[in-house]
Structure formats: structure tokens, C-alpha cells
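Sequences listed follow chains A and B, in order.
Going by the numbering used here, the letters in the first sequence line up with residues 1 to 390, in that order.
Going by the numbering used here, the letters in the second sequence line up with residues 391 to 679, in that order.
Yeah, the Cβ is synthetic: ideal placement off N, Cα and C, and Gly gets one too.
Have a look at the structure below, then the notes.
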Amino acid sequence: MDIHEYQTKELLKGYGVPVPDGRVAHNVANAAKVAEELSGERWVVKAQIHAGGRGKGGGVQVACSLDEVRQITDRLIGSRLVTPQTGADGRLVQRVLVEQACDINKEYYLGLVIDRGSQRVTVIASASGGMDIEEVARTTPEKVVHETVDPAVGLMEFQCRKIAAKIGLKGKQIQEASKLMRALYRCFRDNDALMAEINPLAAVNGGRLMALDAKMSFDGNALYRRPAITELRDFDEEDPKEVKASGHGLNYIALDGNVGCIVNGAGLAMATMDAISFHQGKPANFLDVGGGASPEKVGNAFRIVLQDPNVKIILVNIFAGINRCDWIAEGLIKAMQDQKIKVPIVVRLAGTNVEKGAEMLAASGIDFIMADNLDDAATKVMAALGEQGS
Amino acid sequence: MSVFVHKDSRVIIQGFTGQHATFHAEESMANGTNVVGGVTPGKGGQTHLGRPVFDTVSQAVEETGADVSGIFVPPAFAADAIMEALEAGIGVIVVVADGVPVQDMVRVKRYAIGRSAIIIGPNTPGIITPAACKVGIMPSHIYRSGRIGVVSRSGTLNYEAVQQMTALGMGQSTSVGIGGDPVNGTDFVTVLRAFEADPETDAVIMIGEIGGPQEVDAARWAQQNMSKPVVGFVAGVSAPPGRRMGHAGAIISGESDTANAKMDLMEELGMHVVRNPALIGETAHRVFS
Numbered sequence: 001m002d003i004h005e006y007q008t009k010e011l012l013k014g015y016g017v018p019v020p021d022g023r024v025a026h027n028v029a030n031a032a033k034v035a036e037e038l039s040g041e042r043w044v045v046k047a048q049i050h051a052g053g054r055g056k057g058g059g060v061q062v063a064c065s066l067d068e069v070r071q072i073t074d075r076l077i078g079s080r081l082v083t084p085q086t087g088a089d090g091r092l093v094q095r096v097l098v099e100q101a102c103d104i105n106k107e108y109y110l111g112l113v114i115d116r117g118s119q120r121v122t123v124i125a126s127a128s129g130g131m132d133i134e135e136v137a138r139t140t141p142e143k144v145v146h147e148t149v150d151p152a153v154g155l156m157e158f159q160c161r162k163i164a165a166k167i168g169l170k171g172k173q174i175q176e177a178s179k180l181m182r183a184l185y186r187c188f189r190d191n192d193a194l195m196a197e198i199n200p201l202a203a204v205n206g207g208r209l210m211a212l213d214a215k216m217s218f219d220g221n222a223l224y225r226r227p228a229i230t231e232l233r234d235f236d237e238e239d240p241k242e243v244k245a246s247g248h249g250l251n252y253i254a255l256d257g258n259v260g261c262i263v264n265g266a267g268l269a270m271a272t273m274d275a276i277s278f279h280q281g282k283p284a285n286f287l288d289v290g291g292g293a294s295p296e297k298v299g300n301a302f303r304i305v306l307q308d309p310n311v312k313i314i315l316v317n318i319f320a321g322i323n324r325c326d327w328i329a330e331g332l333i334k335a336m337q338d339q340k341i342k343v344p345i346v347v348r349l350a351g352t353n354v355e356k357g358a359e360m361l362a363a364s365g366i367d368f369i370m371a372d373n374l375d376d377a378a379t380k381v382m383a384a385l386g387e388q389g390s
Numbered sequence: 391m392s393v394f395v396h397k398d399s400r401v402i403i404q405g406f407t408g409q410h411a412t413f414h415a416e417e418s419m420a421n422g423t424n425v426v427g428g429v430t431p432g433k434g435g436q437t438h439l440g441r442p443v444f445d446t447v448s449q450a451v452e453e454t455g456a457d458v459s460g461i462f463v464p465p466a467f468a469a470d471a472i473m474e475a476l477e478a479g480i481g482v483i484v485v486v487a488d489g490v491p492v493q494d495m496v497r498v499k500r501y502a503i504g505r506s507a508i509i510i511g512p513n514t515p516g517i518i519t520p521a522a523c524k525v526g527i528m529p530s531h532i533y534r535s536g537r538i539g540v541v542s543r544s545g546t547l548n549y550e551a552v553q554q555m556t557a558l559g560m561g562q563s564t565s566v567g568i569g570g571d572p573v574n575g576t577d578f579v580t581v582l583r584a585f586e587a588d589p590e591t592d593a594v595i596m597i598g599e600i601g602g603p604q605e606v607d608a609a610r611w612a613q614q615n616m617s618k619p620v621v622g623f624v625a626g627v628s629a630p631p632g633r634r635m636g637h638a639g640a641i642i643s644g645e646s647d648t649a650n651a652k653m654d655l656m657e658e659l660g661m662h663v664v665r666n667p668a669l670i671g672e673t674a675h676r677v678f679s
């Protein structure tokens with residue numbers, strides 16, 4: 001689960017990570033009031049959306065007067081901000097963060113991730129701040145410092161000093177950076193984060209370190225024990241179809257093809273999409289109905305897949321282990337009757353109670369296209385699409 | 391011999407009296423698994439499915455000599471249950487729960503250092519040596535005894551591959567689901583090493599997914615250390631970058647993470663790569679015979 005920059009900064013501030021003075025504003029008057037209260041002569045106005053590359057899209061601007069704060073806020077709020085990460089439609093800006101501007105001497109990168117190689121939390125740091133760290137890692141890997149954290153003792157001070165020295169910090173900055181890194185680690189650990197990124201971490205106004213931009217994402221599986229984080233969720237930043245699907249216990253991701261997919265299990269769902277692609281088809285979505293798929297759940301899966309007007313055909317691929325093919329069949333038949341589905345449906349059933357499920361489908365009198373296996377299913381999808389002339 | 395679980399494995403179930411645990415324990419027993427008891431805190435002294443229930447894993451180990459545990463507790467309690475099994479000296483721990491917090495697993499893996507246990511999962515369908523021992527939730531009837539080892543991250547894709555094999559007359563020595571989470575108990579390399587050492591396994595099918603370095607690490611290890619042929623597949627060729635495809639671990643986070651990049655590397659390292667998931671069985675049949 002992702003949160004906004006202003007939320008991340010408030011959270012980090014509570015752990016002792018220095019951040020610029022600033023507050024969120026939802027309208028022009030509010031933004032000007034925040035700027036006035038912050039005092040100073042220059043402010044940064046930052047659009048708050050869950051996507052990176054905001055600077056490139058004009059979502060981060062410096063204002064030299066309260067009037068400029070108003071003008072920038074007026075332009076940003078209500079607009080759709082397009083960045084390299086949002087896609088062509090951009091994201092609706094509903095709020096801005098107004099901060100006191102600082103003079104930047106130098107920018108660094110500091111991040112924490114769960115590293116899949118070491119299977120531990122790893123600190124990533126670099127003297128090349130303000131840039132895309134993946135790009136830095138690819139072109140100049142020697143400029144990226146990695147330090148793995150032993151969960152039994154946490155991030156130690158000596159490790160922080162090592163990192164700080166390696167990225168070229170000097171004198172008092174080393175202790176300062178060490179304190180900041182340990183605060184970031186505590187915030188990461190205590191809130192079940194998956195990723196935390198301070199980019200840039202800047203040396204400002206005479207050398208002090210400060211988190212100028214910050215991003216965190218959290219483990220959805222741990223939200224049950226993190227009520228304060230759960231409250232920070234912004235549903236406006238998520239695809240409404242995906243939110244609706246997750247409310248029904250379905251895992252759905254919209255894609256841009258025309259073959260709707262309803263599958264059980266994430267791996268098989270991916271492989272089903274792959275099989276379609278292998279036959280030169282284009283999947284319209286990823287959808288995992290999960291284990292214990294009731295007839296109702298199957299009905300909801302159809303509703304969500306068919307919300308996408310590009311869907312010309314649906315492939316249902318179920319390999320029932322913990323699931324039961326007869327429940328799936330019941331859901332299929334009911335969905336066809338209730339939802340007046342016009343697109344052809346290719347069905348492949350296997351596993352627990354497969355005979356019973358197949359019998360029910362045959363007895364229903366509905367014109368399902370039955371497939372024997374995965375390859376047969378993909379072939380029949382393409383054949384049926386061909387008949388539609390698409 | 392098969393790997394990790396055998397005819398003579400003595401299995402307990404943690405969370406024994408729960409609904410799912412009961413269903414799957416019964417199914418395992420009906421297919422020859424030696425379930426010797428179970429653990430449900432507070433229900434010690436009772437009998438369930440004709441087997442003794444204990445309050446703690448160490449009591450169960452002491453009384454029954456259990457060496458394998460199937461953990462069926464909800465995700466929030468999984469880390470504690472795994473550590474309890476580790477502390478009690480269980481050798482093979484199978485964690486079915488889907489949705490265990492990642493940082494819990496980071497701590498569990500730290501706790502496991504220095505204890506010679508194999509943790510399978512979380513988010514795994516489990517492990518099965520057909521007609522001998524099953525710990526997990528997979529449908530036993532699709533598996534056949536044979537001489538091919540199967541290891542996969544996904545559950546249902548494991549079933550898919552196994553059915554394709556069975557249709558062509560190939561059986562399994564052992565099938566292991568290592569789970570779809572980013573931090574998991576056992577990686578591909580550990581399972582490949584076990585298959586390489588197992589005299590009853592002739593060849594291996596390895597089924598990976600997008601996300602993480604595991605598949606390529608395994609191919610690298612196999613090139614150096616394996617004499618047995620490996621057929622490999624990686625799911626997610628059609629997955630877009632940056633989107634999590636269901637499994638917590640299935641997300642493309644860099645260029646080398648894509649399914650095609652991984653399969654290209656696996657091929658370079660000498661694995662027999664199959665690009666169409668519908669042809670896993672066929673490819674294995676061709677390569678292995």
C-alpha cells in the first residue's frame with residue numbers, strides 16, 4: 001500500500017527524520033495560508049499523487065510570493081498531472097504540499113528495501129541523489145552502496161557510519177546521517193514497510209541533512225496490526241475496478257487486451273495470460289478468484305471482467321485443488337443467466353469434482369466452448385476471436 | 391528415497407482442529423500419510439481424527455516422535471507457529487498460510503539459522519511424495535509415483551504441470567511448492583540440491599515466476615552442480631512491470647526480473663526452457679526420454 005509524500009514526511013518526522021517545514025493544502029486559500037504561516041520568502045508547491053517523476057510533469061514548482069503560491073496551486077489542484085509513471089491519462093491532483101524552500105548544497109539517495117537476494121532489509125545509498133536509482137545502479141553500480149540489516153540487532157551505528165563515509169559525507173554529517181538512517185529503519189520496521197525512499201536526501205543551508213522528498217509503501221498483509229497506516233490509504237489513487245474486486249476477495253488487474261481471464265491461483269492466472277499471448281492473443285486482465293471460490297465470487301468475477309468494454313471473449317481456467325469445479329460451474333451458469341452475457345465463454349475445468357462440474361455445464365443448455373487443457377483453451381479462444389473478425 | 395517427506399515421515403498438524411486443517415489432514419491420511427497427531431493450544435488431551443491433540447509442539451514431538459509439521463494457522467500467527475516448530479526440533483515445516491507479513495518471515499529466517507530445518511512456504515500448496523506422504527492442500531489424485539522432481543512457486547501452476555506430466559505417463563518422485571512470497575523458507579537451489587542427491591529422482595521440472603533472482607540463481611547453481619536435466623518455465627511473460635500479479639513476490643521491479651529475461655538467462659545456463667506453459671509436460675517428455 002502506497003501513501004502520499006506529505007503523509008510519509010509526517011510519519012518520518014515523528015521518528016526524528018528531519019523534513020522541511022510544510023503542510024498539506026486542499027485549495028488555493030488554504031495553500032496561501034500555509035505559506036504565510038511558514039514564513040520565509042520562497043516556497044515549494046508539490047502536487048500530491050501516488051506516482052514518481054512529478055518534477056518532470058510540472059508537479060513541483062517554486063513560488064517566490066504568496067501570489068505565486070496561489071497561482072501554482074490553482075493550476076495544480078483539479079488538473080490531471082502526467083508524469084513518466086502515470087500513463088497518458090495522468091492522475092487527478094486533489095491536494096498540494098506547501099513547504100519552505102531550502103538552498104541545496106548536495107543531493108544524496110537513501111533507501112530501504114526488503115532485498116530478495118539476502119532475504120533481509122537492505123540499505124541502499126548513493127552520492128548520486130535526485131536521480132532514478134535504478135538508472136544509477138545500471139550505469140554506475142560502483143556508486144551504489146548496499147548494507148544488509150541483521151533483524152536480530154537492527155541497523156547498527158557502525159553500519160550507518162560505513163554507509164555515510166562511502167557516499168562521501170564528512171565531519172558532523174556522519175553522526176547526523178547515522179541518526180537519520182536509524183530513525184528511518186525504526187520507522188520501516190515498526191510500520192511493516194516494504195520500501196522507504198528518501199530521494200533526495202539533501203545537505204541544505206550550510207550542511208544540515210534533510211529529507212526533501214520521501215516515499216514509503218507498506219505490506220498489505222500486515223495492515224491488520226497497523227491501524228494508523230491503514231488510515232492513510234487513499235482510494236482515489238487506486239483503480240476503482242481493482243478496489244471493487246478486492247472488496248469481493250478477487251485479485252484483478254486491468255490490462256489492455258480483449259481476452260477476459262478468470263482463473264484460480266496467481267501462477268496459473270499468469271500462465272493462462274502467457275498461453276494466450278503465445279497464441280498471439282492479448283489478455284484484457286489478470287484475475288485470480290483465489291481458493292474457495294463460491295458461485296457468488298464467480299458471478300462477481302464476471303461482473304468485473306465485463307466492465308471492461310474491450311472484452312470480446314472470456315476464458316475461464318480453473319484447476320481446483322482447494323476449490324471445487326461444481327461450485328465454479330454453478331457460478332458460471334448463474335452468471336450467464338443473471339448477467340445476459342453476450343461474449344463467448346471458453347471453459348477449461350480440471351481437478352476436484354471436474355466430472356460433476358462438466359456435467360452441470362453440459363446439462364445447462366448454455367453454449368459454453370469447452371476445452372480439454374490449457375493449450376486447447378488458448379487455441380479455442382483464438383479461433384472464436386477469429387470468427388468474430390477481430 | 392524422494393526428498394524431504396517419505397513413507398516413514400511422522401507428521402503433526404499445527405492448528406489441527408480447524409476446519410481446513412481437518413479436511414486436509416483427513417485427505418492426507420486417506421492417501422497414506424502417517425499423521426501422528428496435532429497441536430491446538432488449549433485442546434491438549436483431546437483426540438481428533440483418531441489422533442492425539444497437544445497444547446504445544448514440543449509435547450507433540452516428545453510423545454509422537456514427529457519430524458514433519460504442517461502449519462495450518464492463520465497468517466497472523468504463522469511466524470510464531472514456525473518458530474515453535476523450529477524450537478521443538480521439527481525437521482520439515484510446511485506453511486500453507488497465504489498472507490504472512492514479509493518482515494515476520496525475515497525474522498523467522500534469522501531464527502532458523504543454525505537449526506537444520508527445511509521451511510516450505512509460506513503461501514505454498516505444500517509438498518507431496520505420491521502414495522507416501524502429503525503435507526498441504528493439493529489434490530492428491532492428480533499425482534502419480536514416478537522419478538521426476540517438481541518444484542514451483544505457484545500452487546495451481548504446479549497442478550497444471552503435474553497434470554500435463556501425468557497425461558503423458560510421467561510420475562513424480564516429490565513435488566514441492568516453495569510458495570509465492572518474496573521472503574520464503576526454501577529457495578529453488580535448496581530443492582534442486584535435494585533432487586540432485588536423491589537416487590529416486592532422474593530429472594526435475596522447475597516452475598518460476600516474475601520477480602526476484604531465485605530462478606536465475608538456481609540455473610547458475612544447476613550449471614555448476616547438477617548432473618540431472620532440468621526443464622524450466624517462468625510465468626508472467628505478459629505481466630506489466632510494476633504491477634503485483636497476485637503473489638506478493640510476483641512483481642517486475644527491474645529489467646532482469648521479467649519472465650523473458652529470466653528464461654533467456656536460464657537457457658544460456660543450460661536449462662531446457664519451455665516458453666509455452668501448455669507444453670511443460672510435452673517438453674519434459676521429449677527432454678527426459
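Around the beta-carbon of Arg138 (chain A), fewer than 16 other beta-carbon atoms lie within 10 Å, marking it exposed. Chain order gives the chain A residues near Arg633 (chain B) as Ile253, where near means a beta carbon separation below 7 Å.
Residue-level contact by beta carbon fails for Val566 (chain B) and chain A, as no gap is shorter than 8 Å. Arg348 (chain A) is bridged by DSSP to A:Asn317. Within the same chain, Ala275, Ile276, His279 come within 6 Å of Ala378 (chain A) by CB-CB distance, once the 5 residues on both sides are set aside.
Contacts with chain A at 8 Å (Cβ-Cβ) include Pro667 (chain B). Distance from the Cα of Ala487 (chain B) is smallest, within the candidate group B:Arg676, B:Asn666, B:His637, B:His662, for B:His637. His414 (chain B) counts as buried, since at least 16 other C-beta atoms from the protein chains shown sit within 10 angstroms of its C-beta.
Look at Gln553 (chain B): its C-beta is under 8 Å from a C-beta on chain A. Ile595 (chain B) places its beta carbon 8 Å or farther from that of Val566 (chain B). Restricting attention to A:Val34, A:Val346, A:Asp288, A:Arg75, the CA atom closest to the CA of Met382 (chain A) is found in A:Val346. Within the model, the alpha-carbon separation for Ile328 (chain A) versus Ser544 (chain B) is close to 20 Å.
Under the three-state reduction of DSSP output, Asn424 (chain B) falls in the coil class, being neither helix nor strand. Around the C-beta of Pro589 (chain B), fewer than 16 other C-beta atoms lie within 10 Å, and the residue is accordingly described as exposed. Taking 8 Å as the threshold, the shortest C-beta distance from Asn300 (chain A) to chain B does not fall below it.
Nearest in C-alpha terms to Ala101 (chain A), of all of A:His146, A:Ala202, A:Leu232, A:Met273, is A:Ala202. Along the stretch 260-293 of chain A, going in chain order, the ones with a CB nearer than 7 Å to a CB of chain B are Asn264, Gly265, Ala266, Gly267, Leu268, Ala269, Met270, Ala271, Met273, Asp274, Ala275, Ser277, Phe278, Pro283, Phe286, Asp288. Three or more Cβ pairs closer than 8 Å define a contact, and the stretch 606-625 of chain B meets that threshold against the stretch 651-667 of chain B.
In the three-state scheme derived from DSSP, where H, G and I count as helix and E and B as strand, Ala609 (chain B) is classed as helix. Chain B has a Cβ within less than 8 Å of the Cβ of Tyr224 (chain A). CA-CA distance, Cys160 (chain A) to Tyr109 (chain A), rounds to 14 Å.
With contacts defined as CB atoms closer than 8 Å, Asp375 (chain A) and Asn353 (chain A) fail to qualify as a contacting pair. The beta carbon of Asp213 (chain A) does not come within 8 Å of any beta carbon belonging to chain B, so the residue lies off that interface. Of all alpha-carbon atoms in B:Pro515, B:Ile483, B:Ile642, B:Leu669, the one lying nearest the alpha-carbon of Ala502 (chain B) is that of B:Ile483. For Asn574 (chain B), the closest C-alpha among the options B:Arg500, B:Thr407, B:Phe394 is that of B:Arg500.
For Asn513 (chain B), the CB contacts under 6 Å within the same chain, skipping 5 residues up- and downstream, are Asp488, Gly569, Gly570, Asp571 in chain order. Checking the DSSP bridge columns, you'll see His662 (chain B) partnered with B:Val621. Residue pairing from DSSP places Phe218 (chain A) in a beta bridge opposite A:Ala193. Residue pairing by DSSP places Lys172 (chain A) opposite no residue, since no beta bridge is assigned to it. Against Tyr533 (chain B), chain A offers no close residue; the least beta-carbon distance is about 11 Å (beta-carbon pairs closer than 8 Å). If you draw a 10 Å sphere on the C-beta of Glu107 (chain A), you find 16 or more other C-beta atoms in it, and that means buried. Distances from the alpha-carbon of Leu385 (chain A) to those of A:Lys143, A:Asp213, A:Ile314, A:Ala127 put A:Ile314 closest. Nearest to Asp308 (chain A) by C-alpha distance, out of A:Val93, A:Met336, A:Val259, is A:Val259. Judged by pairs of C-beta atoms under 8 Å, the stretch 22-30 of chain A does not touch the stretch 186-203 of chain A, as fewer than three such pairs exist.
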